[in-house]
Amino acid sequence: MKSIQFLYIIFGLWLIVSCSEEKYTSPIDDDGAPDPIKEVQIENLPGAARISYILPNNENLRYVKAVYAIRPGVIREAKSSLYTDNLVVDGFPSESEYEVTLYAVSKGEKESTPVTVKVSPLTPPLLEAYNSLTFEETFGGVTIEFENSGEASLAVTVLTMEENKMTEVETYYTKSKLGRHSVRGFAAEPRLFGAVIRDRWSNFSDTIYAERTPIFEEQIPKDRFVEYHLPTDTWEKHIPQGDMFEIWDGRIAPNGGIGVFHTKPGSGMPQWFTFDMGRTALLSRYKLWHRGPGTQWAYQLASPKKWEVYGTAQTPNPDGSWDGWTLLMECDSYKPSGDGPVTSDDAFYATNAGEDFVFPDGTPPVRYLRFKMLETWGFLDYIYIQELTFWGQLQ
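If you want it as structure tokens, here you go:
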């Protein structure tokens, strides 16, 4: 029994000593610099280059690093692991020749002797967009259009002359192959416009200038708008203030508290409603304001997501059919932040600014409009809309 107790005491003392010993691992400070890479090959890409090489045969190799300047004073680095034999250097704003310095780096962060190469990127996305950008006159402003074949992330700031200086109007962000954006709200008189393009590395193009005369447009007065009930339409309201006329009463309340057009749950989907503008007009665009507050209602539940807009200048067929109606446009609601929760930017766009929809060229003059709702953000079988406003030319 005493021998067993003695063994327990010895074991306990061993545990105390073992736990009290300081665990120390020395840093890797004596592994030495690896050999440099060799047999470097260059593949030039739009605004970038792929550099291939043979790795050194060193056990302490950790990665390969490229150091280069995309413009004076702006240095970038690119790294690749020891499991790959190439890396990409990007962010170049022109088709010039650039110098890239390559290092093999050890586990202890020691660098090999440098290997310097020169790359000559192909036309960068920034330059492609700059060379192809055009200004087209449109209702109330201009439309810019440009090519972006590589679907790069670009930002285009549109400018105009105000009080003898070029002033920013708004900035358009895109990754589309064909960039297209309109700025509006200008009188139908000659005006100087400009555009500056920026890429994700904060490279800027020169300013592009053009003088254009916006096409006249005006807001279509709402004083003659009336509901037009057809047999197949859905207009029955769900809440006391849910009448259709709420969408042209001129009241926009981003924080809620006012009536919205709200159809009855169980109405089914798709569903449509019709109204008479009381005047024939050549429509240029319209805005749809979602129900607020945005973070509570917009881009969810019964907020419209997909719909179609039809129009006719003639009195609609009283049987509620689609005879005589012309499809004017197909609409998809745009959520600025993409997938995920509704952000404050989403809420501002949906309930303060309103979603802007531009009618395509060739749209005929119409007096009656019919909105065919296909889908809501919450996949519900009813809808709510805060306000609709139209622009164009009265006929």
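Read left to right, the sequence shown gives residues 1 to 395 (UniProt numbering). Idealized CB from N, CA, C, for every residue including glycine.
Helix, strand or coil for F92, going by three-state DSSP, please let me know.
As a first step, residue 92 is located in the sequence shown; it is residue number 92 there, counting from the start. DSSP places F92 in coil when its eight states are reduced to three.
Looking at the structure shown, is P125 part of a helix, part of a strand, or coil, going by DSSP?
Looking up residue 125 in the sequence shown gives position 125. Three-state DSSP puts P125 in a helix.
Distance, Cα to Cα, Y382 vs P336?
Locating residue 382 in the sequence shown gives position 382, counting from the first residue. Locating residue 336 in the sequence shown gives position 336, counting from the first residue. Cα to Cα, Y382 sits roughly 24 Å from P336.
Using three-state DSSP, classify W377 as helix, strand or coil.
The residue given as residue 377 occupies position 377 in the sequence shown. DSSP places W377 in coil when its eight states are reduced to three.
Do you know offhand how far I252's Cα is from D199's?
The residue labelled residue 252 in the question sits at position 252 within the sequence shown. The residue labelled residue 199 in the question sits at position 199 within the sequence shown. Rounded to the nearest angstrom, the two C-alpha atoms are 36 Å apart.
Nonlocal neighbours in the same chain, by C-beta distance under 7 Å from F371, ignoring five residues either side
Reading the sequence shown from its first residue, position 371 is the one you call residue 371. Hits under 7 Å: W272, F273, W307 and V309.
Run the CB neighbour count on S284, radius 10 Å, all protein chains shown included, and call it buried at 16 or more, exposed below.
Translated into positions along the sequence shown, residue 284 becomes position 284. Buried, because 16 or more other Cβ atoms sit within 10 Å of the Cβ of S284.
Quick check on W325: does DSSP put it in helix, strand or coil?
Taking the sequence shown and counting its residues from 1, one reaches residue 325 at position 325. W325 falls in the coil class under three-state DSSP.
Residue interval of the alpha helix (DSSP H) (run including A48)
For this step, residue 48 is matched to residue 48 along the sequence shown. A48 -> not in any alpha helix (DSSP H); beta strand (DSSP E) instead, spanning A48 to I54.
Output the boundary residues of the alpha helix (DSSP H) element that contains D346.
Here the question's residue 346 lines up with position 346 in the sequence shown. Counting along the chain, the alpha helix (DSSP H) containing D346 begins and ends at S344 to A347.
Does D85 come within less than 8 Å of chain D when only Cβ atoms are used?
Among the chains in the structure shown there is no chain D, since it carries only a single protein chain.
Measuring only the C-alpha atoms, how far is L15 from K79?
Counting from 1 along the sequence shown, the entry for residue 15 is found at position 15. Counting from 1 along the sequence shown, the entry for residue 79 is found at position 79. Low confidence applies here, because L15 scores a pLDDT of 45, under 50, leaving its location unreliable and the question unanswered by this model.
Through-space distance from S182 to P341, alpha-carbon basis:
Numbered from 1 along the sequence shown, position 341 holds the residue referred to as residue 341. Numbered from 1 along the sequence shown, position 182 holds the residue referred to as residue 182. Cα-Cα distance, rounded: 28 Å.
Contact check, A347 vs T389, beta carbons under 8 Å:
Here residue 347 refers to the residue found at position 347 when the sequence shown is read from its first residue. Here residue 389 refers to the residue found at position 389 when the sequence shown is read from its first residue. Against a cut-off of 8 Å, the Cβ pair of T389 and A347 comes out as no contact.
Touching or not, the segment 132–142 and the segment 214–230, by the rule of three or more beta carbon pairs under 8 Å?
yes
Alpha-carbon to alpha-carbon, K38 and V119
On the sequence shown, residue 119 is found 119 positions in, with the first residue counted as 1. On the sequence shown, residue 38 is found 38 positions in, with the first residue counted as 1. Going by the C-alpha atoms only, they are around 16 Å apart.
Cβ neighbour criterion (16 or more within 10 Å) applied to I239
Counted from its first residue, the sequence shown places residue 239 at position 239. So I239 ends up on the exposed side.
Backbone CA spacing between T116 and E128 [nearest angstrom]:
Position 116 of the sequence shown, counted from the first residue, corresponds to residue 116. Position 128 of the sequence shown, counted from the first residue, corresponds to residue 128. Taking the straight line joining both Cα atoms gives about 28 Å.
So within the UniProt domain "DUF5000" (248–392), which uninterrupted alpha helix (DSSP H) runs reach at least 4 residues, ignoring any that extend past its ends?
344–347
Looking at C-alpha atoms only, which residue of N164, T263 and G91 is the closest neighbour of R76?
Looking up residue 76 in the sequence shown gives position 76. Per the Cα distances, G91.
For my contact list, F193 and L159 are in at a C-beta cut-off of 8 Å; report their separation, rounded to the angstrom.
As a working mapping, residue 193 is identified with position 193 in the sequence shown. As a working mapping, residue 159 is identified with position 159 in the sequence shown. So it is a contact: roughly 7 Å between Cβ atoms.
Please classify G324 as buried or exposed, where buried requires at least 16 neighbouring CB atoms within 10 angstroms.
Position 324 of the sequence shown, counting from 1, holds the residue named residue 324. So G324 counts as exposed.
Between the Cα of V89 and the Cα atoms of L82, S81, Y98 and Y83, which residue gives the shortest distance?
As a first step, residue 89 is located in the sequence shown; it is residue number 89 there, counting from the start. Ranking the options by Cα distance to V89, first place goes to Y98.
Could you check what DSSP says for Q395 in three-state terms: helix, strand or coil?
To locate residue 395, count along the sequence shown from 1; it is residue 395. Three-state result, Q395: coil.
Name the DSSP bridge partner or partners of N131?
For the purposes of this step, residue 131 is taken as the residue at position 131 of the sequence shown. In the DSSP output, where bridge partners are listed per residue, N131 has none listed.
Does the beta-carbon of S112 have 16 or more other beta-carbons within 10 angstroms, so that it is buried, or is it exposed?
Sequence index remark: in the sequence shown, residue 112 carries index 112 (1-based). Counting Cβ neighbours within 10 Å, S112 comes out buried, since at least 16 surround it.
Where does F225 sit, in a helix, a strand or coil, going by DSSP?
The residue given as residue 225 occupies position 225 in the sequence shown. Residue state, collapsed to three classes: coil.
Should F225 go down as buried or exposed, given a rule of 16 or more other Cβ atoms within 10 Å for buried?
Here residue 225 corresponds to residue number 225 of the sequence shown, with the count starting at 1. Classification for F225: buried.
For D339 and G354, what's the separation of their Cα atoms in angstroms?
Translated into the one-based positions of the sequence shown, residue 339 becomes position 339. Translated into the one-based positions of the sequence shown, residue 354 becomes position 354. Rounded to whole angstroms, D339 to G354 spans 19 Å at the Cα level.
Contacts around I247, its chain only, beta-carbon distance under 6 Å, and the 5 residues preceding and following it disregarded:
Translated into positions along the sequence shown, residue 247 becomes position 247. Closer than 6 Å at the Cβ level, and outside the excluded window around I247, lie F261, I385, E387 and L388.
Bounding residues of the beta strand (DSSP E) (the contiguous stretch that carries E162):
Working through the sequence shown from its first residue, we reach residue 162 at position 162. Its beta strand (DSSP E) spans residues L154 to E162.
Once you ignore the five residues that flank T326 on each side, which residues in its own chain have a CB closer than 7 Å to its CB?
Sequence index remark: in the sequence shown, residue 326 carries index 326 (1-based). Excluding sequence neighbours, T326 sits near Y310, G311, T312 and P364.
Using only alpha-carbon positions, find the residue among R191, G73 and W377 that is nearest to P214.
In the sequence shown, counting from the first residue as 1, residue 214 sits at position 214. Answer by Cα proximity: R191.
Below 8 Å, how does it come out for the segment 174–181 and the segment 98–109: are there three or more Cβ pairs, yes or no?
no
Buried or exposed, going by whether 16 or more other CB atoms sit within 10 Å of the CB of D206?
The residue labelled residue 206 in the question sits at position 206 within the sequence shown. Exposed is the call here.
Supposed contact pair L282 and A392 - C-beta distance, whole angstroms, cut 8 Å:
Taking the first residue of the sequence shown as position 1, residue 392 is located at position 392. Taking the first residue of the sequence shown as position 1, residue 282 is located at position 282. The question names Ala, but residue 392 in the sequence shown is Gly. With a Cβ gap of about 5 Å, G392 and L282 count as contacting.
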